[in-house]
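Below is one structure, written out as structure tokens, with a few remarks after it.
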Amino acid sequence: MTVTTRAVLVVHPDAERRTQLRSVLAGYEIFEASNREEAVEFLKKGAPVLVLTHPDPFPRLLKDLERHAPRAIRAVLCPRDNVRTHHSLVDVAAAGHMFFTLDDEPSPALRRAVLDILELRESERRVPQGTLEARFVADGTPFRAELLDVGTGGLGLRLEPSVRIERLTPGTELEGLQVFRSNALVLRAGHATVRMVRPLRAQEGGGFQLGVSLEKPMEHTRTTPTPLLQDAVRIRGLLRRAVRAGVGFGLRTHEGNRLVDFASAEVHPEASRLVLREQTRPGGLFHPGDVVQLCLDFGGVCHVGTTAVLSVEEHQVEVALPRSLSLHHRRNSLRFRSTAERPFAVSFDSPLTGESLYRPLLDLHTGGFAFPFDAGHEVFPAGLVLDEVTLHLPDGTRSRCRAQVQDTGQLTVADENGGMNRPRRCGVRILELAPEARTAILDAFIQARCPDARDGSELAFPDIWDLFRAAEVRFPDYPYHDGPPQEALMASHRALGNGTHGLSKAIVYQREGRLYGHISGLRIYSKTWLSQHLVVRPGYHRHESISQELVALAADYAESLEDVEYLRALWRCRNRWTSRIYGAIASRLERPGLSCLHAFTPCRLPVDAALPPPREDLRVRPAETSDLRWLEQHLRETEDVVRLRSSDLVEGEMSLGTLGGRYTDAGLRRSRTIAMVEGREGPQGFVLMEDSSPGLFWAEWYNAFSLVMVEKDAQEADAVRRALVTHAVADSARRGRTTAECLATDADLPSLEGLGFHNLGKVMEFTAHRRLVRDWNAYLLAVFERLAANPRGTVKLDDKDIAA
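One gets the numbering used here by counting positions in the sequence shown from 1 and adding 60 to each.
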């Protein structure tokens with residue numbers, strides 16, 4: 061008789077109950093015994109993976125299990141209402157024996173409990189194709205071993221007889237475990253420990269067999285404490301907001317396996333209860349008294365709290381309000397399900413067995429994806445490297461990527477198993493992803509989050525321009541007229557396209573064929589993403605929350621770009637609503653070293669305006685390498701470090717070389733030149749002149765210059781300013797600009813106005829590190845919720861304010 065890792069020994073005196081258990085555990089290899097004697101006969105022939113026994117024979121059966129099957133998992137079927145049985149089992153546990161107790165009712169809940177117990181022994185052991193070698197370090201000693209077999213939860217290794225086996229006792233951590241095929245990496249284990257070691261007989265090749273348990277790669281586990289919300293008032297307020305926003309809730313078992321989602325909920329704060337309705341899976345999955353985890357994704361943050369089930373009705377569960385919620389600032393909001401309308405799939409050859417596999421994806425985001433597999437005959441251990449993965453995109457195209465298995469878990473949605481006997485879920489981290497595939501994933505995410513949102517490049521630019529015309533948003537360089545938009549705007553719209561290059565992204569809100577909203581993002585510096593051109597069609601009700609939806613989508617998109625470190629927003633101070641709301645949010649997000657609030661005033665002057673000649677002794681010359689080093693040091697001493705890093709005012713990026721190269725590849729331009737005035741005792745002032753293709757930022761503030769005065773109030777400061785301004789105006793004329801624009805500080809304004817510059821009004825610039833994006837979205841969502849809940853008596857939202 062052959063006994064596999066699917067073998068379960070059922071010991072029960074009732075034949076009918078054994079038959080029922082066999083039915084419940086369909087898919088397992090079930091062996092039956094009516095008493096201890098029959099069970100021992102089976103154990104002498106082979107050890108099962110699980111022994112499921114009636115409580116009566118269990119105490120005496122323990123000795124036989126220790127002798128014949130010491131590694132078999134032991135579980136006792138225990139009636140809930142049998143107090144005497146419970147007491148006797150407590151005595152057995154108190155004697156130091158390890159076992160599980162399960163409800164003896166043969167139900168789907170029993171099957172799920174068995175699946176939980178056998179989680180790490182779910183797959184068959186597979187013999188790899190060809191010869192694979194494992195390399196690792198234990199107790200400071202390097203080892204090499206042959207890979208004998210592999211399962212989803214571990215490996216079987218063969219060691220030579222000469223190895224120092226005393227260093228490999230069970231529980232020993234194996235550092236840097238990697239598996240190679242002819243020096244090609246096949247598996248990189250994050251955390252591996254010795255599970256068992258035994259000598260191999262001569263007919264088995266001799267040496268030692270090492271059983272190794274694998275866990276999720278450690279470099280991707282949480283290393284910082286999880287934020288915790290414990291204020292009862294804030295928790296109840298958060299739950300009410302989530303219910304009002306229509307957020308779905310989920311319940312998990314306390315061990316962490318997701319069981320069911322609920323489409324709607326209702327909070328009863330007086331009774332400290334939450335009623336969850338419209339469960340997505342039928343069946344009685346919970347019982348009063350169960351300890352569960354309440355989960356909800358809200359504002360881009362995953363909230364998890366432990367609570368208890370109070371009552372259960374058909375399609376409805378009532379739970380207590382949790383006393384605390386842990387906040388997980390992960391990219392859960394960017395993960396979405398692959399659908400029939402936008403199907404994604406992957407195909408690859410197994411690095412272990414060579415089998416060709418094709419799998420539809422369960423869910424995905426730009427950092428990873430998940431697919432189903434049959435644990436009955438397929439193995440995907442954590443750390444398995446998938447070098448050649450083909451990603452099948454919704455439009456029928458294909459893209460290559462590299463990936464690595466992160467973890468596996470239960471597949472809880474019945475209709476996604478594709479007829480598999482042992483369906484499970486494999487979570488994969490993407491190591492390399494082509495830009496086209498990334499764009500396709502993000503566009504699908506946008507559609508999943510907001511069905512009325514879509515990529516702006518799919519629209520003709522005149523339609524977008526008409527939306528801004530309707531909102532009466534004006535840009536000095538691009539006045540409205542009866543004809544089509546200016547060619548510069550249309551050319552930049554075509555060049556930027558759908559954002560595959562990672563330089564921009566436009567998102568529009570369209571319902572029933574009519575355009576209602578627009579927002580775009582622009583990589584304005586090498587690691588900084590600017591949110592811009594936000595507008596909503598006039599007259600549209602605020603409760604639609606188009607503005608908030610677009611802002612959140614744009615922020616999520618920017619956060620998905622791994623090389624974006626900072627996000628930036630701009631607003632005019634004269635726009636009272638925008639200044640009040642965004643200013644309040646910016647002040648709440650003030651974090652030294654992570655955020656920066658800066659003010660400047662755009663001032664314009666025609667390039668053909670007559671300017672007084674600068675003093676002859678104040679010569680302006682291009683800044684050299686040594687001058688740039690001096691400027692960097694001066695800025696570090698006088699400016700906010702966040703503004704310096706986010707504006708590429710750091711060593712090696714002063715001329716925007718990295719950013720300019722990316723724009724050049726897209727057929728566009730972006731650069732910065734720096735000139736200076738030098739006095740007898742060193743630099744007196746610098747002018748930073750930025751250049752970009754027209755139409756990237758319609759206000760053209762990144763086709764402007766700014767001044768850095770060494771001593772702003774020095775006696776010659778105004779003369780130095782005039783010399784630098786004259787040089788910058790001439791530079792604007794050389795670049796074909798009709799106007800020169802200065803982003804002035806308050807100290808610059810008197811001198812500029814004296815030269816005839818027109819003051820366009822102060823602008824606020826808020827820059828935040830990507831860590832604060834979730835908080836920004838949460839605060840913005842709260843603002844729009846309050847406005848929607850109190851439509852009367854609030855300041856009218858001016859669509860022109862938003863766009864500016």
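Note that the Cβ used here is the ideal one computed from N, Cα and C, for glycine as well.
This one's a predicted model, so the numbers in the text were calculated from it and none came from an experiment.
Residue range of the alpha helix (DSSP H) that includes residue i
i, result
"K104", "R96 to K105"
"G814", "L809 to G814"
"D124", "F118 to H128"
"Q507", "P495 to R509"
"H553", "E547 to L556"
Closest by C-alpha distance to residue i, when choosing among the options
i, options, result
"V197", "P166, H251, S148 and T212", "H251"
"D210", "A154, L178 and L274", "It is Val, not Asp, that sits at residue 210 in the sequence shown. Checking every option, the nearest Cα to that of V210 belongs to L274."
"S407", "Y576, P754, R458 and P539", "R458"
"T661", "H114, A531, R120 and G821", "G821"
"W690", "T468, L728, E699 and G742", "G742"
"R96", "P119, A779, L110 and V737", "P119"
"R66", "G87, P73, T79 and R78", "G87"
"D350", "D321, H375 and R312", "R312"
"E713", "L728, T685 and R597", "T685"
"R583", "L716, H694, R529 and T399", "L716"
"P511", "Y569, G487 and R696", "Y569"
Per DSSP, the bridge partner or partners of residue i
i, result
"T875", "A query on residue 875 cannot be resolved here, the shown segment of the chain reaching from 61 to 864 and no further."
"S273", "G214 and T253"
"H658", "E825"
"V293", "The partner list for V293 (beta bridge, DSSP) is empty, contrary to what the question assumes."
"Q592", "S580"
"R460", "T450"
Coarse secondary structure for residue i, derived from DSSP in three states
i, result
"P522", "helix"
"W690", "helix"
"A154", "helix"
"N819", "strand"
"L869", "Coverage of the chain is limited to positions 61 through 864, which leaves residue 869 absent and any answer about it impossible."
"T79", "helix"
"D858", "Low local confidence applies: a pLDDT of 43 at D858 is under 50, so the model's placement there is unreliable, and no value is given."
"D321", "strand"
"H787", "helix"
"G712", "coil"
"F91", "strand"
"Q238", "strand"
"Q263", "helix"
Between the CA atoms of residue j and residue i - distance to the nearest angstrom
i, j, result
"H603", "P329", "Its pLDDT being 41, under 50, H603 is placed unreliably by the model, and the measurement read from it follows with that caveat. For H603 and P329, the distance between alpha carbons rounds to 25 Å."
"I606", "D526", "18 Å"
"V369", "G310", "13 Å"
"S552", "P754", "7 Å"
"R534", "N819", "16 Å"
"A75", "A93", "9 Å"
"N778", "L630", "First, the residue type needs correcting, since residue 778 is Asp and not Asn in the sequence shown. If I take the Cα positions, the gap works out to 28 Å."
"N243", "V680", "60 Å"
"S647", "E699", "18 Å"
"D623", "K587", "6 Å"
"I295", "T212", "39 Å"
"V109", "R131", "8 Å"
"N481", "L471", "12 Å"
"L767", "R574", "44 Å"
"V68", "H347", "27 Å"
"E650", "K565", "27 Å"
"A615", "M550", "25 Å"
"V70", "H437", "23 Å"
"R391", "P139", "With a pLDDT of only 47 at R391, under 50, the local geometry of the prediction cannot be trusted, and no value is derived from it."
"A726", "A325", "48 Å"
"L207", "E825", "58 Å"
"H375", "G308", "14 Å"
Segment limits, beta strand (DSSP E) that includes residue i
i, result
"I567", "S564 to R571"
"D423", "D423 to H425"
"Q608", "Premise fails: Q608 lies in the alpha helix (DSSP H), I606 to S620, not in any beta strand (DSSP E)."
"I734", "R730 to G739"
"L627", "Y626 to R632"
"Y762", "Element bounds for Y762: n/a, residue is neither H nor E."
Residue i Cβ short of 7 Å to the ligand NAP heavy atom set
i, result
"C362", "As far as ligands go, the structure on display features none, and thus does not contain the ligand NAP."
Chain B contact for residue i (CB, 8 Å cutoff)
i, result
"A508", "Absent from the structure: chain B. Only one protein chain is present."
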